[in-house]
Amino acid sequence: MKWLEKLDTIDPRWVYIIMAVSLVFPVLKPIGLAITIDETTTVPVFNWIESLQPGDIVVGDVAFSGGSEGELGPQLQSWFRHCMIKGVKVIMVAQWNTGERLGYTLLEQVANELEAEGISAEYGVDWVYVGYKPGGTTLWRQMQLDFWGACAETDMLGNSFQDLPLMHRFKKWDKESSKGIMAFVAGSPGLPTYTTYFPDYEIYVGNVAVQVPGAMNTLRAGQIKGLLAGLPGGAQYELLLNRPGRAVKLMDAQSMGHLWIMVLVVLGNIGFYMKSRARDE
Amino acid sequence: MKREVPIVLTFLMTLLRFCFEMLEPMLNYQIYEGVTLFSRISFSVTFMYCMGLFMGLINLTRVHGNTIRRRREHWIYSVWLLIVMYGYAILGLFFGGMESKPFTWIYDAIIVPLDSTMFSMLAFFIASSAYRAFRIRNLESIIMMVVAFVVMLGNVSLGEVIWSSESFLGGFKGIKDWFLAIPNAASQRAIGIGIFLGSYAAILRVALGLEKRYLGSLD
Amino acid sequence: MTRVQIWVAALCTLACYSYLIKENPAYRIAEYTLVALYTSYNITRLFHSYIKPYFINYALEEKQYYYIVMGVLGLLLYARYAPPQYRWLARYPIALQVGWGLGGSIARSPRPVFTQVADAMRPLDSVNNIVFFVCFLAVMSYFFFTVGKESKFIQGSGRIGRYIMMIGFGTAFGNTVQGRISLFLNRLSFLLTDWMGISI
């Protein structure tokens, strides 16, 4: 049983290789495992957009950077696609300056696809990307009172708000002008900005998986109404929208990756246990 | 002048902002049509600290300049860093701004992929750390491991195959949802309240001038 | 992205992953490049989205000259790099900014916490509410480090609180694993589909 003791000392590079292989194969050859839709977290977000009328304005927030694009990118794109299909107008802000341009690129991609399908997603009319404005939570507070002034009346691309028809309906960020907030958050600043300064608003969150345990607390307290949890949240939203995309394709690989992590924990503990038993003897 | 006046300024600004937040008439007070006093103070304070935009550049230049001057280990990479940093800053500031083709080209081709990839390496590190560090030695670690396994299986389709959510207790997914919604939420809430109490006390200390470290030791 | 961009992005990605085999120059260059580019990106962003429009719109066009005064105050931040006898000047803009932010926090930050405290006091009319309340109190009692620590009851409930926190940490670990794997899958799908042209 000496070989069991060696289970404790596998070279980390073998761990990495098997990890990579266990993730690559299911991506290339999907197994086709079913994805369950979460009724308490994902469905409320979907139902919110479904309940809105064409012309209603919602505000989205890109509070992530390239590091979290894998989880929040599919969520952002699915949600935006849903809004455009429903005719809901979207104004995007960004609490993170490092993700601002990334968010725009992701949305522009979806907007171009929708325009090609004949669904209106015209910039300035159906959506506006205000982007990042420095000032932190103070500025977010100020946006409630005077959105144009807080944003220096320009969007991320340098367009004046005067030239964007949608912005003429959004002079201040209050509950009359916007029918809810969808924040895609990966850290700080993020959700606390909204629970602190927008407590009476309908807040929905797209979160990285790491932050889901903390977000469940706010969901239970009613501070947020719905939650997209990581890549599975994005995959579920794609299925609800009947447009399976990148997130759905990657879910099988998730299963294999998790399996390998559990195997590693078991192997490591077997080796540790056998070694301590040998040491005690 | 050097220490007392900034502390008094901090207190006065805190009090001013607090009054703005708590007194509706003050918040809505307009200095002229459509322009509130709160907004003007807010914008100008933001404008003030935005003037410090070159601090990061200066700090990196000092640190890496030192490395180059003293020919420390990896100094050649510091040269590369300074060239890239100044080059990209000059490109963005003077040659077309944020929307210029070269600027966005570099952002899309280098910044986003590098950022994503740096974070994605954590997938391998978590595998390695799960293997080397996750040791079951006592009741607490057993609880943590069991819950972690249930949550992992509840998060993925494989768990649904092993124990369906339509069956007893909702399968792995049902148990995971319960763990997240009840004991996890309770513990997060209690920890969050503890953190809030500590941080609020710290905020009050700074506002009242009992804590001066934020001013730095510039004497 | 153009084909050239895709190749550059792929090479940057592989340069980072080469660290998993061994630390090497390609990884170092990638690491230093990212730091440099992000710093410059932030500077450009701040300048074009705030300083330039605010200065032009407010200070020059609307003749609100106090922006120039605040701008000069902001420049005092650079006194940190001045000779030691002038460095104290940097404290003034810091004091103004810190004070302004603190006032907002003092006024606003208790609200979400009190919402959560109020929610914790739900009627105990279901098993879940009772379990939640007991777990909440047990974890709170774990953090009694001074008052009541001698009491056997507090010690016992603190121990239960610790076990409940372990459940919280277990859920955190499970979700962290999922999150990290998702990040790698995103890069993998880029390498396979965009770079190598394999459709998935």
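Residue numbers (this note's numbering), protein chains in the order written: chain V, 1248 to 1528; chain P, 61 to 279; chain C, 5 to 204.
Beta carbons: idealized from backbone N, C-alpha and C, even for Gly.
Contact under 7 Å by Cβ, residue i with residue j
{"i": "Met115 of chain P", "j": "Gly78 of chain C", "result": "no"}
{"i": "Leu1497 of chain V", "j": "Leu195 of chain C", "result": "no"}
{"i": "Val1529 of chain V", "j": "Gly1350 of chain V", "result": "Coverage of chain V is limited to positions 1248 through 1528, which leaves residue 1529 of chain V absent and any answer about it impossible."}
{"i": "Tyr191 of chain P", "j": "Val1262 of chain V", "result": "yes"}
{"i": "Val143 of chain C", "j": "Ala250 of chain P", "result": "yes"}
{"i": "Pro1534 of chain V", "j": "Ala176 of chain C", "result": "Residue 1534 of chain V lies beyond the stretch modelled for chain V, which goes from 1248 to 1528, so this question has no answer here."}
{"i": "Ile55 of chain C", "j": "Ala63 of chain C", "result": "no"}
{"i": "Phe232 of chain P", "j": "Trp238 of chain P", "result": "no"}
{"i": "Gly1378 of chain V", "j": "Glu1347 of chain V", "result": "yes"}
{"i": "Gly108 of chain C", "j": "Arg100 of chain P", "result": "no"}
{"i": "Asn179 of chain C", "j": "Ala1456 of chain V", "result": "yes"}
{"i": "Tyr1448 of chain V", "j": "Ile1428 of chain V", "result": "yes"}
{"i": "Thr74 of chain P", "j": "Leu106 of chain C", "result": "yes"}
{"i": "Ile128 of chain C", "j": "Ser180 of chain P", "result": "A quick correction: the sequence has Leu, not Ile, at residue 128 of chain C. No, the Cβ-Cβ distance between Leu128 of chain C and Ser180 of chain P is not below 7 Å."}
{"i": "Asn132 of chain C", "j": "Ile253 of chain P", "result": "no"}
{"i": "Ser1298 of chain V", "j": "Thr1345 of chain V", "result": "no"}
{"i": "Cys16 of chain C", "j": "Leu218 of chain P", "result": "no"}
{"i": "Ile185 of chain C", "j": "Ala193 of chain P", "result": "no"}
{"i": "Gln1501 of chain V", "j": "Pro1436 of chain V", "result": "no"}
{"i": "Asp168 of chain P", "j": "Met200 of chain C", "result": "no"}
{"i": "Thr48 of chain C", "j": "Leu268 of chain P", "result": "no"}
Residue i: contacting residues in chain P (beta-carbon distance under 8 Å)
{"i": "Met5 of chain C", "result": "Asp168, Ala169"}
{"i": "Thr1401 of chain V", "result": "The contacting residues do not exist; Thr1401 of chain V stays about 11 Å from chain P at best."}
Interface partners of residue i on chain C, CB under 7 Å
{"i": "Phe232 of chain P", "result": "Near Phe232 of chain P there are no residues of chain C at all, since even the closest Cβ is about 11 Å away, more than 7 Å."}
{"i": "Val211 of chain P", "result": "Gly174, Thr175, Gly178, Asn179"}
{"i": "Pro1436 of chain V", "result": "Chain C residues near Pro1436 of chain V: none, gap ~12 Å exceeds 7 Å."}
Residues that residue i contacts on chain P, provided the C-beta gap is smaller than 7 Å
{"i": "Met1521 of chain V", "result": "Here the premise fails: no neighbours, minimum Cβ distance about 13 Å."}
{"i": "Phe173 of chain C", "result": "Met204"}
{"i": "Gly160 of chain C", "result": "Within chain P, no residue comes near Gly160 of chain C; the closest Cβ sits about 14 Å away, beyond 7 Å."}
{"i": "Tyr42 of chain C", "result": "Ile171"}
Amino acids of chain V, ordered along the chain, whose beta-carbon sits closer than 8 Å to that of residue i
{"i": "Gln120 of chain C", "result": "Asn1464, Thr1465, Ala1468, Gln1470"}
{"i": "Asp220 of chain C", "result": "Absent from the structure is residue 220 of chain C, since the part of chain C shown begins at 5 and ends at 204."}
{"i": "Leu4 of chain C", "result": "Nothing can be reported for residue 4 of chain C, as the shown portion of chain C is limited to 5 through 204."}
{"i": "Tyr146 of chain C", "result": "The contacting residues do not exist; Tyr146 of chain C stays about 17 Å from chain V at best."}
{"i": "Thr164 of chain P", "result": "Arg1348"}
Contacts around residue i, its chain only, beta-carbon distance under 6 Å, and the 5 residues preceding and following it disregarded
{"i": "Phe148 of chain C", "result": "Ile158"}
{"i": "Leu1466 of chain V", "result": "Leu1474"}
{"i": "Leu1323 of chain V", "result": "Leu1353, Phe1431"}
Chain P contact residues for residue i, given Cβ-Cβ distances below 9 Å
{"i": "Gly107 of chain C", "result": "Met73, Thr74, Leu75, Leu76, Arg77, Phe78, Cys79, Phe80, Glu81, Ala267"}
{"i": "Met1266 of chain V", "result": "Ala183, Phe184, Ala187, Ser188"}
Cβ neighbours of residue i in the same chain (closer than 8 Å, five flanking residues each side left out)
{"i": "Ile1265 of chain V", "result": "Trp1507"}
{"i": "Met169 of chain C", "result": "Val143, Tyr146"}
{"i": "Leu1275 of chain V", "result": "none"}
{"i": "Ile266 of chain P", "result": "Sequence inspection shows Val at residue 266 of chain P; the Ile mentioned does not correspond to that position. So the qualifying residues of the chain are Thr70, Tyr274."}
{"i": "His33 of chain C", "result": "Before going on, a small fix: residue 33 of chain C reads as Ile here, not His. So the list reads Ala19, once near-sequence residues are dropped."}
{"i": "Ser193 of chain C", "result": "Ile204"}
{"i": "Arg166 of chain C", "result": "Tyr146"}
Residues that residue i contacts on chain C, provided the C-beta gap is smaller than 8 Å
{"i": "Gln1501 of chain V", "result": "Gln182, Ile185, Ser186, Leu189"}
Chain V residues whose Cβ lies nearer than 9 Å to that of residue i
{"i": "Arg166 of chain C", "result": "Ordered by position in chain V, no residue passes the 9 Å Cβ test against Arg166 of chain C, which lies about 17 Å from the chain."}
{"i": "Arg97 of chain C", "result": "The sequence given here has Pro at residue 97 of chain C, not Arg. In chain order: nothing, as chain V lies at least about 15 Å away."}
{"i": "Trp90 of chain P", "result": "It should be pointed out that residue 90 of chain P corresponds to Gln in this sequence rather than to Trp. Going along chain V, no residue has its Cβ under 9 Å from Gln90 of chain P, so there is no contact; the nearest lies around 11 Å."}
{"i": "Tyr148 of chain P", "result": "Result: empty, since nearest Cβ-Cβ is about 13 Å, beyond 9 Å."}
Chain-ordered neighbours of residue i on chain C, where CB pairs are closer than 9 Å
{"i": "Leu1270 of chain V", "result": "Ile185, Phe188, Leu189, Leu192"}
Contacting residues, own chain, Cβ-Cβ under 7 Å from residue i (five flanking each side not counted)
{"i": "Ala40 of chain P", "result": "Because chain P here runs from 61 to 279, residue 40 of chain P falls outside it and cannot be looked at."}
{"i": "Met1414 of chain V", "result": "Val1375, Phe1408"}
{"i": "Cys1330 of chain V", "result": "Ile1296, Val1305, Val1337"}
{"i": "Leu142 of chain P", "result": "Thr121, His124"}
Within-7 Å CB hit, residue i to chain A
{"i": "Ile204 of chain C", "result": "This model lacks chain A altogether, as its protein chains are V, P and C."}
Under 7 Å from the C-beta of residue i: neighbouring residues of chain V
{"i": "Ile196 of chain P", "result": "Asn1516"}
beta-carbon residue i near the ligand HEM non-hydrogen atom, thresh 6 Å
{"i": "Ala246 of chain P", "result": "The ligand content of the structure shown is nil, which means the ligand HEM is not present either."}
message = Taking 8 Å as the cut-off, does the region 199 to 216 of chain P touch the region 1480 to 1492 of chain V (at least 3 CB pairs, one atom from each stretch)?
response = no
message = Under 8 Å, with one C-beta from each stretch per pair, do the region 1310 to 1324 of chain V and the region 1282 to 1291 of chain V reach the 3-pair mark?
response = no
request  = Could you say if the region 1391 to 1398 of chain V and the region 1414 to 1431 of chain V meet the contact criterion of at least three C-beta pairs nearer than 8 Å?
outcome  = yes
ask   = How do the region 141 to 159 of chain P and the region 25 to 44 of chain C stand: do at least 3 beta-carbon pairs fall below 8 Å, yes or no?
value = yes
ask   = Going along the chain, which unbroken runs of the alpha helix (DSSP H) with 4 or more residues stay wholly within the region 1318 to 1379 of chain V?
value = 1344 to 1364
task = Give a yes or no on contact between the region 95 to 102 of chain C and the region 121 to 141 of chain P, applying the rule of three or more CB pairs nearer than 8 Å.
result = no
task = Flag this pair as touching only if the region 117 to 124 of chain C and the region 77 to 89 of chain P have three or more C-beta atom pairs under 8 Å; answer yes or no.
result = no
ask   = Can you list, in chain order, the stretches of the alpha helix (DSSP H) that have 4 or more residues and sit fully within the region 79 to 136 of chain P?
value = 84 to 87, 97 to 110, 115 to 129
key: alpha helix (DSSP H) runs contained entirely in the region 172 to 243 of chain P, provided each spans 4 or more residues   = 172 to 180, 182 to 193, 199 to 215, 217 to 222, 231 to 239
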